[in-house]
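**Student:** Residue numbers (the working numbering), protein chains in the order written: chain Y, 1 to 112; chain C, 1001 to 1112.
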Amino acid sequence: DSGVTQTPKHLITATGQRVTLRCSPRSGDLSVYWYQQSLDQGLQFLIQYYNGEERAKGNILERFSAQQFPDLHSELNLSSLELGDSALYFCASSGNRETEAFFGQGTRLTVV
Amino acid sequence: GENVEQHPSTLSVQEGDSAVIKCTYSDSASNYFPWYKQELGKRPQLIIDIRSNVGEKKDQRIAVTLNKTAKHFSLHITETQPEDSAVYFCAASIGGYSTLTFGKGTMLLVSP
Chain Y
1 DSGVTQTPKH LITATGQRVT LRCSPRSGDL SVYWYQQSLD QGLQFLIQYY
51 NGEERAKGNI LERFSAQQFP DLHSELNLSS LELGDSALYF CASSGNRETE
101 AFFGQGTRLT VV
Chain C
1001 GENVEQHPST LSVQEGDSAV IKCTYSDSAS NYFPWYKQEL GKRPQLIIDI
1051 RSNVGEKKDQ RIAVTLNKTA KHFSLHITET QPEDSAVYFC AASIGGYSTL
1101 TFGKGTMLLV SP
């Protein structure tokens, strides 16, 4: 157990819908990262938050957004879902200067 | 931004053989290079990492080497075992809470 908790583990939804994925980082970790993993794209960095503020943005679609709350948990919102959004979404957290990131178990999103 | 290339994409070896996975990176400012192992359906887990102030690091059957001049680093697994079968990802970052950029992964299959 890495200490990073993601909910839900599985999510099945229809095209055009909106979903929210939740991540609780390890205790004391200030930084949260979101990654998308699909079969043909590997681990794609989406966005990073540090202590409540957006720190870096990767290949995140405009239909996707995220935030980190005062208690440091983070949510990834995916809207107007398309079939191609089906993937594993991982959250990772880190808490020291060396950027050692610990991953949650992921949320498997299936869009039908 | 940083770009990480990883080779090979698949690697099949016999139990007891050695396996080598190679990565190159583009940003000379990168100074932290972790390797993650991901078993099917599970989270990526950190197995070893190296920082730019060292050229090699070993942990039992696993070793990582870094050549900063050539901007490449490699994972070496000796005496492979079937339980080493997984997807291995290399990554690079400039440290200090910065984003990890991942390679596309290598699927390692160790046959008994």
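Glycine included, every Cβ here is placed at the ideal spot set by N, Cα and C.
1. Applying a beta-carbon distance threshold of less than 9 Å, which residues of chain Y neighbour C:Phe-1089?
2. Could you list which residues in chain Y have their beta carbon closer than 8 Å to that of C:Thr-1101, in chain order?
3. Which class does C:Pro-1008 belong to by DSSP, given the choice of helix, strand or coil?
4. If we ignore side chains and look at the alpha-carbon of each, how far apart do C:Ile-1062 and Y:Gln-17 end up?
5. Indicate whether at least one CB of chain Y lies closer than 8 Å to the CB of C:Arg-1061.
6. What residues in its chain sit with their C-beta under 7 Å from that of C:Lys-1068, if we drop five residues either side in the sequence?
7. Less than 8 Å between the beta carbons of Y:Pro-8 and Y:Ser-93, yes or no?
8. Using three-state DSSP, classify C:Asp-1059 as helix, strand or coil.
9. Residues of chain C with CB under 8 Å from Y:Ala-56, in chain order?
10. How far does the beta strand (DSSP E) with C:Glu-1083 in it extend, from its first residue to its last?
11. Taking the beta strand (DSSP E) that C:Ala-1029 falls in, what are its first and last residues?
12. Starting from the C-beta of Y:Arg-55, find all residues in its chain whose C-beta is less than 8 Å away, skip the five residues before and the five after it, and write them out in chain order.
**Tutor:** So, from the listed chains and residues:
1. Simply Gly-42 and Leu-43.
2. Chain Y residues near C:Thr-1101: Phe-45.
3. Of the three classes helix, strand and coil, the one that applies to C:Pro-1008 here is coil, per DSSP.
4. For C:Ile-1062 and Y:Gln-17, the gap between their C-alpha atoms comes out near 45 Å.
5. C:Arg-1061 does not count as touching chain Y.
6. If we look at C:Lys-1068 and ignore the five residues flanking it on each side, its Cβ neighbours are Ser-1052.
7. Y:Ser-93 sits away from Y:Pro-8, with the two beta carbons spaced by 8 Å or more.
8. Three-state result, C:Asp-1059: strand.
9. Here the neighbours are Ser-1098 and Thr-1099.
10. Neither: C:Glu-1083 is in no beta strand (DSSP E) and is coded neither H nor E.
11. Run containing C:Ala-1029: none; DSSP gives neither H nor E here.
12. Cβ within range, chain order: Ser-31, Gln-48 and Tyr-49.
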